[in-house]
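In case it helps, mature numbering (1 follows the signal peptide of the UniProt record, and there is no 0) puts the sequence shown at residues -18 to -1, 1 to 910. What follows is a short report on a single structure.
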Amino acid sequence: MSPRNLVFLVVALIQVCAIPAVTDEADCKFSADYYLPFTALKALKDTWKNVPPTWVGADPCGSRWDGILCSSTRVTSITLASMGLERFTVWRYPVPVRTADSVCLHSSLDLSYNKDLSGPLPPAIGDLKKLTSLILVGCSFSGPIPDSIGSLPLITYLSLNSNGFTGSIPPSIGNLTNLYWLDLADNRLTGTIPVSTATTPGLDLLVNTKHFHLGLNQLSGTIPPKLFSSKMKLIHVLRTPQLISRSTEHPTSLVDRLFDSNKLTGSIPSTLGLVTTLEFLRLDSNSFRGTVPSSISSHARVSVMFLSNNDLHGPLPNLTGMNVLTYLDMSNNSFDDTEFPPWLSNLQSLTTLVMENTHLQGQIPADFFSLSNLQTVDLRNNQLNGTFDLGGEGVSVMLEGNPICRKTGVTKSYCTVSRPNSSYATPPKNCVPSSCLANQHSSPNCKCAFPYTGLLVFRAPSFSNLGNITYFSALEKSLMDSFKSHQLPVDSVHLSQPRKDPSQYLDLNLQVFPFGQDRFNRTAISRIGFVLSNQTFKPPAQFGPFFFAGDTYLHFTGGVIGSKKSSSRGVIIGAAAGGLALLLLLLGAGFYAYGQKKRADKATKQNSDFGGGGVPQLKGARCFSFEEIKKYTNNFSETNGIGSGGYGKVYRGVLPTGELVAIKRALQGSMQGGLEFKTEIELLSRVHHKNVVRLVGFCFERGEHMLIYEFVSNGSLMESLSARGLAYLHELANPPIIHRDIKSSNILLDERLNAKVADFGLSKLMGDSEKGHVTTQVKGTMGYLDPEYYMTQQLTGKSDVYSFGVVMLELLTGRRPIERGKYVVREVKMALERANNLYYLRELLDPIFGSDTTLRGLDKFVDVALKCVQDNGCDRPTMGEVVKEIENILKLAGLNPNADSASTSASYDDVIKGSAKHPYMHSDDAFD
C-alpha cells in the first residue's frame, strides 16, 4: 500500500468512526456531513483490489463488513491484520477532517502483518483524537514517527514494532499519559531517549506505562536518570541498544523495560532501583560502563535480568534480595576478579545462570548445585579451578575455557560446548496424520487444512531448557483457551522449532488451524491477528513478554469483489460467473487429479531410478553393492560411525585395497535425500580438484542411497582455507557450481592439512543464463547465510563468498558464527567501529594466538574477510579475487602459498593465464 493510500485510509477512519451509518442516499441531502465519511469508505471499497466479499452495500455496520467493528451505527475500529493489503488507485475526493467531537468514543486501528504496507506514517494519524489502540506490527513503514503521534490523548496501546522507522523517538509520546503499552522495538530508531524539560514532554512522564520495549534499534547516548521515578508502574525494561547512562531521580510502576541491542553508553542509573514494580530487565548488548548500582538488588519482583555484553566493571553486584530471579545473564563484562559469589546459592528460583567471561575464579560451592530449579549453568572462559561436586542431575554445565578443564578426572561433557536445538513439534492427538493436498497441513487433530501461520517471539523467557516439552504444552493450552474465550473458530494450534535467536529471544513457529472447515474467512483471521497483536492473549508466565509476526493469509473462504454499478447487473453477472465457475471447477478437478498422479509418478520414478535415466556411468567412480558396503563398515557398526547430519550417518570403511573411505548413508524414505543423492553424484563425478573431496563411488540398491568418499583424516575447520576449491567451483567448472552450504564443518582437512570442500547435497548447477541468481528453497545454515537471501530468496556465487567470509572470521576468532547470542560478523564490525585500528579486535582473537603474538598480515586478512561479508552482494569480491588476496597475505607472512597446507593447486593459476575463450578447456581440473 502506498503512503498516499495510507493517508486516505487514516482520513477515512477519522471521518467514519463517529458518524452514524447512512443506508440510503436520500438521507444524505439532509446531512452532507454524514454522507462524506461513508463516501470515503465506499471509495476505498470501489478502488481496493482485494475487497472482502462481505463489503457490499453502503453501510459497513448494517452489512457487517469484515474488519469493520461497530457499536450500533458507529464504526469503532478497523482491524485488517494479515489481509494482504495491496496497492489501490489513490482516491482524491476532498474529505474534510472533522473536529474531535466527531470522532468515535472508543476506536482502534490494526493494520498489522501487511508487509506491503509501506512508506511513512502520515501526520494525519494525530487527528484520531479518540483512538485508544494503534497497532501497526510487522509492516514495512519507514521514515520518522510523526510528532503528531503525541496528539492521541486516549491511546493506551501503541505498537509500531518490526517496521523500518528511522529518526528519533518523538518527545511528544510523553503526552500519552494513559499509555499502558509502548513498543517501538525492532526498527532503525536513532538518537537519545527523550525526557521532559521545562518546555517539552518526554518518556519520563509515562508513569502509567507498564511496558517499555525499545530494543533492537540504534539508540545512543546515556539513559537519563530522570527517566525513572518511584511513581512508575513499569514491568518490563527490555533492551535499549547501546546506551550510555547515568542516574539520579525516581521511577514508577514499570513492568518490563527492554533496552537491549542498542548503542547506549554511560552508567546504569541508580534511579532504576526506584521502580519497584519491575519484573523484566534487559540492558544487554549495549556499551554501558561503570559499576552496577547497588540499588538494582531492590528489584524483588524481577525474574529475568540481562546485563551481558557491556563494559561493566567493579565488583559483581550482590543480588541477595532478588528472590524470584529465574534467569540471570551477566556475561562478557569486565568485573573484578572474584570468587564464585555465595549469594547465588540463595536464589531458590534460579533456572539459568550465564556468567561467561566475568573473571570468576576459585571453585563453585557444592550447595549451588542443590538449587532444585537449576537447568543451565554457563561459566565458560573464566578462571575456575580446583575440584567441586557438580551434583544437580539433569543440569547442563558449561566450563569450557577454565583451568579445571585441563585437569584429569573432569567429565569432558562439561568442557565441550553442545547446544542442540530442540526438535519439538506439537504431536498428533491420538490419531494418524493425514496425507494432505498441496499447501495444506495436517493439524494435531489429523485434519487437512490451510492454517494461519506466523512467528511467536518471546523477548525474555525465564527458562533455558528447550527440551522440556511441558513448557510448550502449556503454551498450546494457553493459546487454545484464549481463542475459545474469544469464540474464535479454531480447531487446534501447532508449535514447532523452538530456538534462541542471536538476541536470546525465543522463536516459535505457530500454525492455527480452522474449526469445521479447511480454511478461515477474513473475519476470523482479523480477529485472531488482533488477539495476538494487541496482547489480549497472555502466555504462561515463564515465557514473558512477546510479540507475534503473522504471515499474510492467502486461502480465505469466498472470493473478492469489486465495485458494482447496479445490483441486477451484478446478479446476472454472478449467475453467469457461477455457471462458468462450476464448469471450470469440474475441468479443474480432472486436470488436478491427472496432475497429481503425474507428479506422484514422477517423484517415485525420480527417487527410485534417477528420473528414468538409469544408473549413471561415472568416470573415476564405481558402483558398490550393498553387501560390499556392509562388509567394509563391519555391518554398519557404531564403532565405525564418525558423524551424522541432515542427510544421514557417516561411517568409516576400509576397501580391499586398504584405502580408507567415508561412507554417507542416507536416511530411509527421504525423497529429498534421493534428490540430494543424485545432485551430489552428478557434481562430484565430474569434479576433479585438489581442494574438493573426491568421490570414490556409490551404492544404489535395496532402497539405499550411499556415497563413498575419500577419507579426510583431520576433521573440519570447526574442530581445529580452501579458497581455491570454491574459486574452482565458481569460475573454472563448466557449468559453474554454487555450493549453497559453505561452513567450517564442510571444509575438511587431510593428513597434510590440505583443505577440501565437502558435502554437495545442496549444490546447484548454474548455466550461463542463471549466473545472475539461483532461486531455491530455504537452504544452508544459520550464521553462514547471505543476508540478501532473506529479502530476495535468491542465492548466487556471492552467497558462497559471504559464507566463506564467515569461515575466515571463525578462524580469526575461534568462535562459532552465532555463539551465546553473538553473531561473529557483527562483533568484529562493532570492534572495528570503536577505532580505526585493530586494537579492539584483540579481545575477539582466538586465545591460541596469545596476547604477545605478532600477526603479520592480520589487517589484510581482516580486510578480506570483511569484504566477503558485505551486506550487498555487489560489494563482495569473487572467489578468484579472494584467492589472490589470501596468496598475497601468505607471502607477506613469509609462507609459501603453493605449499600443501596452503590448499593450493598449480592448475588454478596456470589456467587463469590461459585461453580467454575457455581457460579450463584443456585443464585436468575441468569437468569431463
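All C-beta atoms, glycine included, are put in the ideal place defined by N, C-alpha and C.
Residue of the options minimising C-alpha distance to residue i
i: Ser290; options: Arg56, Ile250, Cys52, Met304; result: Ile250
i: Thr860; options: Leu246, Gly779, Asp845, Lys389; result: Gly779
i: Val864; options: Ala813, Met790, Glu801; result: Met790
i: Val257; options: Arg684, Asp473, Ser277, Phe512; result: Ser277
i: Met764; options: Tyr396, Pro484, Tyr535; result: Pro484
i: His687; options: Cys605, Asp768, Val636; result: Cys605
i: Cys413; options: Ala407, Ser425, Leu419, Ser405; result: Ser425
i: Thr621; options: Thr358, Gly635, Phe608; result: Gly635
i: Leu113; options: Asp845, Ser90, Phe123, Ser100; result: Ser90
i: Asn145; options: Pro176, Ile137, Leu103, Leu874; result: Leu103
i: Pro176; options: Pro207, Asp168, Leu872; result: Pro207
i: Leu872; options: Arg283, Ser141, Leu840; result: Leu840
i: Arg797; options: Leu826, Lys811, Pro769; result: Leu826
i: Leu164; options: Ser133, Ser115, Thr182; result: Ser115
i: Ile127; options: Ile151, Leu118, Leu356; result: Ile151
i: Asn169; options: Gly855, Gly39, His195, Val694; result: His195
i: Leu353; options: Asn364, Gly344, Leu326; result: Leu326
i: Phe843; options: Asp853, Leu793, Thr390, Asn157; result: Leu793
Residue i - containing beta strand (DSSP E), residue span
i: Glu620; result: Note, Glu620: premise wrong, no beta strand (DSSP E); not H, not E.
i: Phe262; result: 262 to 264
i: Tyr614; result: Premise fails: Tyr614 lies in the alpha helix (DSSP H), 608 to 614, not in any beta strand (DSSP E).
i: Val359; result: 358 to 360
i: Leu814; result: Per DSSP, Leu814 belongs to no beta strand (DSSP E); it is in the alpha helix (DSSP H), 806 to 815.
i: Ile139; result: Checking the sequence shown, residue 139 turns out to be Tyr, not Ile. Residues 139 to 141.
i: Tyr309; result: 309 to 311
i: Asp857; result: Note, Asp857: premise wrong, no beta strand (DSSP E); not H, not E.
i: Gln479; result: 472 to 482
i: Gln493; result: 488 to 496
i: His193; result: 193 to 195
i: Arg647; result: 642 to 648
i: Phe322; result: Where Phe322 is concerned, there is no enclosing beta strand (DSSP E), given that its DSSP letter is neither H nor E.
i: Ile117; result: 113 to 117
i: Gly146; result: 146 to 148
Boundaries (first-last residue) of the alpha helix (DSSP H) holding residue i
i: Asp841; result: 840 to 850
i: Glu792; result: 779 to 795
i: Glu692; result: Where Glu692 is concerned, there is no enclosing alpha helix (DSSP H), although the beta strand (DSSP E) it sits in stretches over 688 to 692.
i: Gly862; result: 861 to 874
i: Phe512; result: 504 to 515
Residue j beta carbon less than 9 angstroms from that of residue i
i: Thr320; j: Gly248; result: no
i: Thr58; j: Leu51; result: yes
i: Pro166; j: Ser178; result: One detail in the question is off: residue 166 reads as Leu in this sequence, not Pro. No, Cβ-Cβ distance for Leu166 and Ser178 is not below 9 angstroms.
i: Met287; j: Tyr309; result: yes
i: Gly532; j: Ala63; result: yes
i: Leu307; j: Leu332; result: yes
i: Leu298; j: Phe317; result: yes
i: residue 915; j: Met65; result: Nothing in the structure corresponds to residue 915, since the chain is present only between -18 and 910.
i: Pro385; j: Leu366; result: yes
i: Gln524; j: Pro443; result: yes
i: Val513; j: Phe454; result: no
i: Tyr406; j: Ile346; result: no
i: residue 998; j: Gly862; result: With the chain covering only -18 through 910, there is no way to say anything about residue 998.
i: Thr340; j: Asn315; result: yes
i: Ile60; j: Asp98; result: no
i: Leu171; j: Gly149; result: yes
Complete beta strand (DSSP E) runs within the stretch 408 to 467 (minimum length 3 residues, chain order): 434 to 440
Quick check: the stretch 492 to 512 against the stretch 265 to 274, are at least 3 beta-carbon pairs closer than 8 angstroms?
no
For the stretch 511 to 526 and the stretch 471 to 480, state whether three or more C-beta atom pairs, one from each stretch, are separated by less than 8 angstroms. no
Quiz item: Where in the stretch 325 to 355 do unbroken runs of the beta strand (DSSP E), each at least 3 residues long, occur, reported from the N-terminal end onward?
Solution: 334 to 336, 342 to 344
Ignoring anything shorter than 3 residues or poking outside the stretch 268 to 297, list the beta strand (DSSP E) runs there in chain order. 269 to 272, 286 to 288, 293 to 296
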